[in-house]
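Report on one structure; see the data block that follows.
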Amino acid sequence: MIDLDVSLPLARFPLRIETTLSGQAVAVLGPSGAGKTSLLECIAGLRRKASGRIVVSGTTVMDSGRRMFLPAERRRIGYVPQDALLFPHLTVEDNVRFGMRRGAAGESLYRESVAILEIGDLTQRYPATLSGGERQRVALARAIATEPRLLLLDEPLAAVDQQLKGRILPYLLRIRDELRIPFLYVTHNAGEARTVAKEAIVLREGGVAFAGPSDEALRSVTVIDPEARFDNVLAGVLDAETALGETASLRVGSAVFAVPAEEAQAPGRAVFAVAPEDVLVSTKPLSGVSARNVRPGAVISREVSGATAWIRIGSVGLEWTARLTLAAADELELLPGSPVWIAVKSHAFRRLR
Amino acid sequence: MTPNDGSILFLTLRVAVCATLVILPLGIGAGWLLARRGGTFRSVAETVLSLPLVLPPTAVGLLLLQALRRTGPIGRFLDSAGIELLFTWKGVVVASAVMSFPLLVRPTRTAFEEIDPRLLAMGRSLGSSPVRVFGRVALPLAWRGILAGTLLAFCRALGEFGATILVAGNIPGKTQTLALAIFQRTQIGQDEAAMRLVGLTVVIAFATVLASELVVRRRSQRTAV
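Here the protein sequences line up with chains H and L, keeping their order. Residues in the first sequence are numbered consecutively from 1, following my numbering. Residues in the second sequence are numbered consecutively from 1, following my numbering.
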């Protein structure tokens, strides 16, 4: 549980955050420059000018009313900034070991961090030789190795665009499920937010525009963040054996989807994304289409921003977001509760790694 | 090279090494403070620290002489502690140290300034105290600049003349360094002896710079920093 009551003067407006986050995993959404990074820096203890009160799982780390400011090195809050901020003079191994505790416990935590983030092959390299995604993973491993009581993750802005390679999302899911470290995750991708976190806050101009279940954050994000993406993120298990002709199958809960066969080379846990542009919506049962994944469903809601309509659809126990032109959405008369069919071709499933 | 040349060389090296070692911790501290602080403190400190660079060395020497003599503001304390600086080899060290200090501080300050302050903050966030962050992040990232400054200061100390002659005189076998000896030899018409000493200084300076080049190159191949 994180109790926030923070104020900080920023260049364009003051940051003023007053909210209580109860979840293990919280997504932080909002447009660029809304104060998301500043909020993380306040919690990490990197903003001395912050005032107010911050309580992280029972420990007060700042209380300006009592002139109390726990220095960053005593907060035990792991921070992964957008640019990773690896120490350029140290190898990957020495970076990860930087904040590690001494002794056997630290050593096993080091090995665990390296294994979970899959950076075993990189340990002797220097940061200058790593790709952006690799740097993020090393920074995440370095934060985990300090045994933090809270992780703060700032997704690089470059990940706003379609670029799916090098995302830390799949690793984040492992950290959530295997290590159970609570975290705050800054992202521009409302779809990711929904998969990663049950709870979300949306910031606008330094204030909290929305705080609540991440499913419901979509409405305010469409209004507030024009850059936001709404990828459909599916975390499931990739089956190697039950190949359906040229496709492999991805099991998510009770649903099975056909995905490109080349992805089956590394079966097991897998995270896929489907862009909302790639979700086809029909009001009549679909037949005779080439798409391998056709499912019935029902419209949950319709959000409009500009000439775009975002249609949320419940189907086979999952929630989908489809991006339609406003004209198309009007023509189909898509209203909450309307029965629809969605069609997604297998190649629209792109694996995140 | 005569035995006498050898003892002059030894004295010069000893003085230059001592002066460099004395100012190294002070210079790193001053460079760090200047890099991290702004405002009037910085402007005033910069100006004071640059004085030995812009003033004639003899003027600095005279000021030092006034300060260090028995009745001077610093000399009084040294005298009661039984420390004799003027006209000893230690006096040469003091004069060289003062004159070479700014040459150490400037590159050191620049090197510290070039470090992203967020990297230092990251060190804190990973559990290191400010002192440990300085040792584990700031120093290793600034070492090139510090080394460059140290060499500049060392070479300056090697050739210091103006301030030295006022503070320590030109006493053969006691305070006569290479620079002073070259001057004295030419004054008494021993141009050949003077040229021998000039040759020695060239060799030392050359060796120093070459050694530093090699160190920097080897390190950069390893770390690409």
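We treat Cβ as the ideally placed atom computed from N, Cα and C, and that holds for glycine. Keep in mind that this is a model prediction, so the values were computed, not measured.
Cβ atoms of Ala-270(H) and Leu-238(H) come within 8 Å of each other, at about 4 Å. Secondary structure of Arg-70(L) (DSSP, three-state): coil. Put simply, the CB of Ala-59(L) is far from chain H, with every gap to its CB atoms at 8 Å or more. The Cβ atoms of Ile-224(H) and Pro-31(H) sit closer than 8 Å to each other. Contact between Gly-27(L) and Phe-101(L) is confirmed by a C-beta separation of about 6 Å, below the 8 Å threshold.
In the DSSP assignment, Phe-272(H) falls outside any alpha helix (DSSP H) and lies within the beta strand (DSSP E) extending over 268 to 274. By the rule that beta-carbons nearer than 8 Å mark a contact, Leu-151(H) does not touch chain L. For Gly-99(H), the neighbours in chain L by C-beta distance under 9 Å run, in chain order, Gly-123, Ser-125, Leu-126, Gly-127 and Ser-128. Contact between Ala-258(H) and Asp-231(H) fails: their C-beta atoms lie close to 19 Å from each other, not under 8 Å. Within a 10 Å sphere around the beta-carbon of Asn-293(H) sit 16 or more other beta-carbons, which makes this residue buried. Unbroken beta strand (DSSP E) runs of no fewer than 3 residues, entirely contained in the segment 58 to 115 of chain H, are found at 59 to 63 and 77 to 80, following chain order. Under the 10 Å beta carbon count, Asn-4(L) is surrounded by fewer than 16 other beta carbons and is classified as exposed.
Within chain L, no C-beta atom comes less than 7 Å from the C-beta of Arg-16(H); the nearest is roughly 23 Å away. For Leu-86(L), the closest C-alpha among the options Leu-51(L), Leu-21(L), Ser-128(L) and Leu-166(L) is that of Leu-166(L). The CB of Pro-140(L) comes closer than 7 Å to the CB of His-89 in chain H, given here in chain order.
Under the Cβ criterion of 8 Å, Leu-85(H) is counted among the residues facing chain L. Going by beta carbons, Val-6(H) and Leu-15(H) fall inside the 8 Å limit. Among the CB atoms of chain H, one or more fall inside 8 Å of the CB of Arg-118(L). For Val-137(L), a Cβ of chain H is located within less than 8 Å of the residue's own Cβ. Within the same chain, and ignoring the five residues on either side of Gly-106(H) in sequence, the residues whose Cβ sits closer than 6 Å to its Cβ are Met-100. For the pair Ala-59(L) and Arg-75(H), the Cα-to-Cα distance works out to about 53 Å. Among the bridge pairs identified by DSSP, Ala-27(H) is matched with Tyr-185(H) and Ala-200(H). Glu-155(H) and Pro-81(H) have their C-alpha atoms spaced approximately 7 Å apart. Excluding residues up to 5 positions away in sequence, Leu-10, Leu-15, Leu-203 and Gly-206 lie with their Cβ nearer than 7 Å to the Cβ of Gly-35(H) in the same chain. DSSP, reduced to helix, strand and coil, places Val-279(H) outside both helices and strands of the structure shown, so it counts as coil. Pro-71(H) has a beta carbon lying within less than 8 Å of a beta carbon in chain L. Between Gln-176(L) and Ile-8(L), the CB-CB gap stays under 8 Å. Taking the CA atoms as reference points, Arg-106(L) sits about 25 Å from Ala-67(L). Excluding residues up to 5 positions away in sequence, Trp-341 lie with their Cβ nearer than 8 Å to the Cβ of Lys-284(H) in the same chain.
Chain L places no beta carbon closer than 8 Å to that of Ala-328(H), leaving this residue out of the contacts. If you draw a straight line from the Cα of Pro-88(H) to the Cα of Tyr-126(H), it is about 7 Å long.
For secondary structure counted as the alpha helix (DSSP H) over 4 or more consecutive residues, the segment 72 to 102 of chain L holds these complete runs in sequence order: 75 to 80.
Counting C-beta pairs closer than 8 Å gives three or more between the segment 59 to 79 of chain H and the segment 118 to 135 of chain L, which meets the contact rule. Annotation: Cβ neighbours of Leu-46(H) in chain L (cutoff 7 Å, chain order): Ala-121 and Ser-125.
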